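What follows is a short report on a single structure.
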């Protein structure tokens, strides 16, 4: 090699060495930063790859989980823990018959614990996944009962009562021959009575304010929609009072007459009768009145 070429080569090597040594601190810093990250990230990844099969899958037998749930529910009376155990069956063995049973037991445990929203969630899932199951009627009933048990006082909003009525009617419609349909009918009457009570409460308020038109509308709702409740007698008496107050005596006479015909021993009839008599009138039914027609539709009067 000529002396000229050898000198050029040495200068290039020297420049490369200078660059290397100048960049060495930066490379060292990057390496130090990479070590912790590599230690954390790659370690976890390697653990996953190197893990044995038994470390990856720790599922317990479905029947074992189910029986543990029963024990927690019946022996320990730990209903929420039992519900979680039943849910674990569904999570670990979603396509097994144990999962179907556990889903229903989870809903039942939540209901017994008073966790109604969780009960509704589990029971709704059961009905959705197993609509043809013999236990679907019970799951639907648990949904309705959960709403029913949360019906508030008549002074509060009755949205929950409306939901209870809809759910109870669903039980009766879907499973008319089941034992739960009979129980649903009983609860349905209670829920309807609650809504009637709410209407009466508002109607009385309007009567005190002498807003008779508004009061009549509330009592009319009770007469037309909730005739089978215990509030219908008072509603007819209040209608007699309100109609007398605004001078529509024909409707007042009809309200009193229908009340007397259907509930002759009612204390409310005595009040309505005396009120009509105090105006020099007699309880007389007008067959064309909405009051008379409402009762005729249900075979009353």
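Numbering (this note's numbering), first residue to last: 344 to 644.
For every residue, glycine included, the Cβ atom is placed at its ideal position computed from N, Cα and C.
Just so we're clear, the structure is a prediction, and the values are computed from it rather than from any experiment.
Judged by DSSP in its simplified three-state form, residue 460 adopts helix. For residue 606, there is no enclosing alpha helix (DSSP H), since its DSSP letter is neither H nor E.
Using a Cβ distance threshold of 9 Å, residue 426 and residue 459 do not count as a contacting pair. By the C-beta density criterion, residue 577 is buried, having at least 16 other C-beta atoms within 10 angstroms. The beta carbon of residue 530 lies closer than 6 Å to those of 491, 511 in the same chain, with the five residues before and after it left out. Here the region 621 to 638 makes contact with the region 594 to 608; the two share three or more CB pairs at distances below 8 Å.
Under the three-pair Cβ rule at 8 Å, the region 494 to 508 does not count as touching the region 469 to 477. Using a Cβ distance threshold of 9 Å, residue 586 and residue 542 do not count as a contacting pair. Under the three-state reduction of DSSP output, residue 574 falls in the coil class, being neither helix nor strand. When secondary structure is reduced to three states using DSSP, residue 493 falls in the coil class, being assigned neither helix nor strand. Annotation for residue 508: 534 place their beta carbon closer than 6 Å to its own, counting only its chain and skipping 5 residues before and after. Residue 423 and residue 456 have their C-alpha atoms some 7 Å from each other. Less than 9 Å separates the beta-carbon of residue 580 from that of residue 615.
Nearest neighbour of residue 593 by Cα position, chosen from 630, 406, 477, 482, turns out to be 630.
Taking 8 Å as the upper bound for CB-CB distance, residue 539 and residue 565 are in contact here, some 5 Å apart.
Look at residue 516 here: in three-state DSSP terms it is helix.
For residue 535, the enclosing alpha helix (DSSP H) has its first and last residue at 522 to 551. Taken atom to atom, the span from the alpha-carbon of residue 441 to that of residue 505 is near 34 Å.
In this model, residue 571 and residue 632 are separated by some 20 Å (Cα to Cα).
Residue 414 and residue 420 have their C-alpha atoms roughly 8 Å apart.
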